[in-house]
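Here's the structure we're looking at; comments come further down.
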Amino acid sequence: MGSLVGHVLPGIGFMLIGLWHLLNNIKLHALHPTSYTSLTWFPTFKLRHLELFLIMAGCLASIAMELFVGPKRHHPFAPDGSIPYNHLHNFEHASISMTFFTYALLSLIIDRVALPASRGVKQARHGLSLFLGAVAFSQELLLFHLHSTDHSGPEGQFHMLLQLIILVSLITTLLGIGFPNSLMVGFVRSLSIFFQGVRFIVIGVMLWTPAFVAKGCWMNYEEAHYVVRCDGEASLHRAKSLANLLFSYFVIGVAVFGVYFYLRLVKIYGENDECFSLDSKADKAEKGTDDVESQKKTSILSETHKSFIHDHVGGFELMPR
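The numbering of the sequence shown is my numbering, which starts it at 440 and goes up by one.
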């Protein structure tokens with residue numbers, strides 16, 4: 440981080456993950472409203488753990504950029520083996536990536552380990568993945584709040600507002616442990632992850648693109664990276680106020696987008712609920728996750744024409760876990 444690319448690339452990653460979660464949470468609830476359970480990660484058709492692999496790859500790339508590619512000497516340490524002051528923020532950013540890498544790796548291990556298929560074990564797996572996600576968001580929130588970089592100016596205002604979004608992601612992740620069947624918990628968590636991505640991109644553009652720096656402020660090279668400085672209290676106050684206004688407009692925009700996205704997907708999948716529920720043959724052909732599979736079985740068993748479903752299955756798989 441500390442640059443345009445360093446904020447835009449992680450922002451794109453958060454946006455894609457948030458959209459993926461939003462799509463799957465709405466789709467699952469539309470198809471199985473009575474047995475819906477929000478998951479912490481969602482598999483794909485071809486590669487079950489693709490989402491987790493992408494998170495791990497992105498985190499490793501981020502760690503490499505922060506510790507080995509970004510520094511001038513291509514390593515983060517001073518000649519005597521200590522951490523230079525101007526590299527502390529690199530270690531903080533790398534620690535955030537390391538925590539998300541740990542979440543993805545342990546979630547993958549939890550899913551692959553053979554455990555009894557009892558309801559209690561399934562709930563424990565779900566809770567453990569949410570716990571790991573909460574740890575990752577907690578680490579992200581803590582390190583941004585206690586950042587070693589000087590965030591007293593416009594940069595500090597942008598990052599302070601970012602912390603509010605991370606806090607929403609953390610709270611909804613913890614709520615998911617106690618309320619796994621709540622659509623709104625999964626919906627808000629997914630939308631907040633998407634919003635984090637949007638916010639990272641906005642920070643990168645507004646703070647590291649000279650044309651978008653607030654009037655009376657400029658980019659100044661300090662301690663091996665650029666920061667925004669202002670020529671007085673009036674310019675600083677104006678820059679912070681503009682950051683607040685921009686955040687407010689994006690809050691409205693993301694909320695409108697979330698509601699529109701929900702209405703469109705419910706219209707698509709809700710109208711075809713009967714078609715999708717007649718799909719037991721593909722369910723048997725694909726190995727799904729415990730949570731998704733149990734939701735599908737509950738929905739099928741609740742149909743009054745169970746025999747008809749068994750004899751006239753379709754060829755669609757909602758998705759393996």
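C-beta: ideal position from N, C-alpha, C; glycine also.
What you are looking at is a predicted structure, and each value in this text was computed from that prediction instead of being measured.
Roughly how many whole angstroms lie between the Cα atoms of R677 and E594?
Here residue 677 corresponds to residue number 238 of the sequence shown, with the count starting at 1. Here residue 594 corresponds to residue number 155 of the sequence shown, with the count starting at 1. Distance between the alpha carbons of R677 and E594 is about 13 Å.
Please state the DSSP three-state secondary structure of H664.
As a first step, residue 664 must be located in the sequence shown, where it is residue number 225. Three-state DSSP puts H664 in a strand.
Cα separation between H526 and L600?
Within the sequence shown, numbered from 1, the residue matching residue 526 stands at position 87. Within the sequence shown, numbered from 1, the residue matching residue 600 stands at position 161. Taking the straight line from one Cα to the other gives about 24 Å.
Report the option in S631, H598 and G592 whose CA atom is closest to the CA atom of S610.
The residue given as residue 610 occupies position 171 in the sequence shown. In the sequence under discussion, the amino acid at residue 610 is Ile, which differs from the Ser named in the question. Of S631, H598 and G592, the smallest CA-CA separation from I610 is found for S631.
Below 8 Å, how does it come out for the stretch 662-673 and the stretch 571-587: are there three or more Cβ pairs, yes or no?
Counting Cβ pairs under 8 Å, fewer than three are found: no touch.
Any idea what DSSP makes of N683, helix, strand or coil?
Here the question's residue 683 lines up with position 244 in the sequence shown. N683: helix per DSSP, three-state reduction.
Is the CB-CB distance between G497 and Y542 below 9 Å?
Numbered from its first residue, the sequence shown carries residue 497 at position 58. Numbered from its first residue, the sequence shown carries residue 542 at position 103. Contact: no.
With C-beta atoms as the reference, is G615 less than 9 Å away from S477?
As a first step, residue 615 must be located in the sequence shown, where it is residue number 176. As a first step, residue 477 must be located in the sequence shown, where it is residue number 38. It is a contact, given that the beta carbons lie within the stated cut-off.
Residue range of the unbroken alpha helix (DSSP H) whose run includes S577
For the purposes of this step, residue 577 is taken as the residue at position 138 of the sequence shown. Taken as a continuous stretch (DSSP letters only), the alpha helix (DSSP H) holding S577 covers R558 to H584.
Using 8 Å as the cut-off, can you tell me whether the stretch 465-473 makes contact with the stretch 500-515, which would need three or more C-beta pairs spanning the two stretches below that distance?
With contact defined as three or more Cβ pairs closer than 8 Å, the stretch 465-473 and the stretch 500-515 are not in contact.
How is the alpha helix (DSSP H) around N525 delimited, first residue to last?
To locate residue 525, count along the sequence shown from 1; it is residue 86. DSSP places N525 outside any alpha helix (DSSP H), giving it a letter other than H or E.
Stretch-stretch touch, CB-based, cutoff 8 Å, three pairs: the stretch 683-696 with the stretch 618-635
Enough Cβ pairs lie closer than 8 Å, so yes.
DSSP bridge partner residues for M658 (one or two, in chain order):
Position 219 of the sequence shown, counted from the start, is the residue given in the question as residue 658. Assignment of beta-bridge partners to M658 by DSSP yields V667.
State the CB to CB distance for the pair L622 and H468, rounded to an integer number of angstroms; the pair is presumed to be in contact (CB under 8 Å).
What you label residue 622 is simply residue 183 of the sequence shown in a count that begins at 1. What you label residue 468 is simply residue 29 of the sequence shown in a count that begins at 1. Indeed, because the Cβ distance is near 5 Å, the residues count as touching under 8 Å.
Helix or strand or just coil, what does DSSP make of Y475?
The residue you call residue 475 lines up with position 36 of the sequence shown. DSSP places Y475 in coil when its eight states are reduced to three.
Inter-residue Cα distance where the pair is G450 and G671:
Sequence index remark: in the sequence shown, residue 450 carries index 11 (1-based). Sequence index remark: in the sequence shown, residue 671 carries index 232 (1-based). G450 and G671 have their C-alpha atoms roughly 31 Å apart.
Whole beta strand (DSSP E) elements within the stretch 476-519, 3-residue minimum
Those beta strand (DSSP E) runs which fall completely within the stretch 476-519 and span 3+ residues do not exist here.
Check for me: the alpha helix (DSSP H) holding S608 runs from which residue to which?
Within the sequence shown, residue 608 is the residue found at index 169, counting from 1. Note, S608: alpha helix (DSSP H), P593 to G617.
Just verifying my parser: in three-state terms, what is the DSSP assignment at E725?
Looking up residue 725 in the sequence shown gives position 286. Only weak support exists for where E725 lies, its pLDDT of 41 falling under 50; the value from the coordinates is given anyway. Correct three-state label for E725: coil.
Where V444 and T648 are concerned, what is the direct C-alpha to C-alpha distance, given to the nearest angstrom?
Here residue 444 refers to the residue found at position 5 when the sequence shown is read from its first residue. Here residue 648 refers to the residue found at position 209 when the sequence shown is read from its first residue. The alpha-carbon atoms of V444 and T648 are separated by roughly 11 Å.
Let me know the secondary structure DSSP gives V552 once reduced to three states.
Taking the sequence shown and counting its residues from 1, the one referred to as residue 552 is at position 113. In the three-state reduction of the DSSP assignment, V552 falls in the coil class, being assigned neither a helical nor a strand state.
Whole angstroms are fine: how far does the CA of C669 sit from the CA of L675?
Counting from one through the sequence shown, the residue named residue 675 turns up at place 236. Counting from one through the sequence shown, the residue named residue 669 turns up at place 230. Taking the straight line joining both Cα atoms gives about 6 Å.
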